Amino acid sequence: MSERDERSSSDEPAVRALRAAAERGDATAAELLAQRLAEAGARAEAEHWLRVAAERGSAEALGKLGESAWADGRIAEALQWLEQAAYRGLTTAEYQLGAIHLERGNLDGAEPWLRRAAAAGLPEAMCNMGALSDRRGDDEQAEQWYERAAAAGNPTGMRNLGLRLARRGEIERATEILVEATRRGRSDAFAVLGAISLEFDRVDEAERWLRRGTDAGDAESMFHLALLLDAEPTDPMAQAESRLWLERAAALGYPRALDVLHEM
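Per the numbering used here, the sequence shown starts with residue 3, numbered consecutively.
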């Protein structure tokens, strides 16, 4: 957005009215003004009004300041803002705090925040409690959390639950859950579906799942499709396509594709 466009968006009547209300001390107006300014590209002014709203007690503003700081790599500042928001009862801030601690390997720091957010009904927190339990090696607890997350509609929980069910032979239910995960945007579930089909020597079915994954841009599906095609050494077209999918998976940063290409 150009400077002129930004100024124009910031000067429209609705924004002027919000600014006037915010200047009179209205915390909600300050928060809404910050949102409009951020949408217009005026990030610095948007942050100013978020800080004003936060000073006036808005938990949502505190949470947004935490999100912004985290996105910019200001970790300590993000934690400070999010803790303030969480102590004011903002469930999304509780989840974000837990997710940050989990990402940084601080399981004990993550657990209380994720539990609180999960108890409040946040599916993402339930799924991350599953991931936390996984890291602790508690398979039973992890599956219970993934079950809860999947039941609440979380696609990552569905994918992780489907993978577990498939590993212990509950193929029909695993397939049903994984298909639902793909419908909800987890394209890497196609790779799991492909692997299940290969386990039962249903090669054509596996290829169909993997191609759907590649169509959705999933690097893992690209890698496994490449391996499937490479199993036809006498077919030069299959070999050429295999190399293509390996290169595409590698370009997306898939480590195993990079390793295979390096060895070729």
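Even for Gly, the Cβ is constructed at its ideal location relative to N, Cα and C. Note that the structure is a prediction, hence the values are computed from the model and not measured.
Own chain partners of residue i with C-beta closer than 7 Å, once the 5 adjacent residues on each side are dropped
i	result
residue 234	240
residue 39	12, 47, 48 and 51
residue 214	192
residue 177	195 and 198
residue 96	88, 115, 118 and 119
residue 250	224
As assigned by DSSP and simplified to three states, the class of residue i
i	result
residue 60	coil
residue 244	helix
residue 223	helix
residue 89	helix
residue 266	coil
residue 256	coil
residue 108	coil
residue 19	helix
residue 215	helix
residue 120	helix
residue 189	coil
residue 156	coil
Selection from the options that minimises the alpha carbon distance to residue i
i	options	result
residue 88	73, 106, 74 and 56	56
residue 248	39, 224 and 80	224
residue 151	129, 112, 170 and 103	129
residue 103	96, 97 and 111	111
residue 33	21, 42 and 43	21
residue 184	201, 169 and 161	161
residue 260	236, 144, 222 and 242	222
residue 83	109, 105 and 53	53
residue 157	126, 140 and 171	126
residue 169	116, 80 and 141	141
residue 105	42, 171, 81 and 264	81
residue 186	171, 154, 131 and 202	154
Alpha carbon of residue i to alpha carbon of residue j, nearest angstrom
i	j	result
residue 124	residue 252	34 Å
residue 179	residue 164	6 Å
residue 212	residue 167	20 Å
residue 72	residue 36	18 Å
residue 304	residue 238	Any answer about residue 304 is impossible in this case: the structure gives the chain only from 3 up to 266.
residue 121	residue 210	39 Å
residue 44	residue 181	42 Å
residue 226	residue 217	13 Å
residue 74	residue 219	27 Å
residue 109	residue 133	10 Å
residue 76	residue 188	29 Å
residue 66	residue 41	14 Å
Chain B within 9 Å of residue i, Cβ atoms only
i	result
residue 202	Note that chain B does not occur in the displayed structure, where there is just one protein chain.
Same chain, Cβ closer than 6 Å to residue i, neighbours up to 5 away in sequence not counted
i	result
residue 23	31
residue 174	none
residue 17	38
residue 60	29 and 33
residue 254	221
residue 159	129, 148, 151 and 152
residue 99	84, 88 and 115
Own chain residues within Cβ distance below 8 Å of residue i, not counting five before or after
i	result
residue 205	199 and 230
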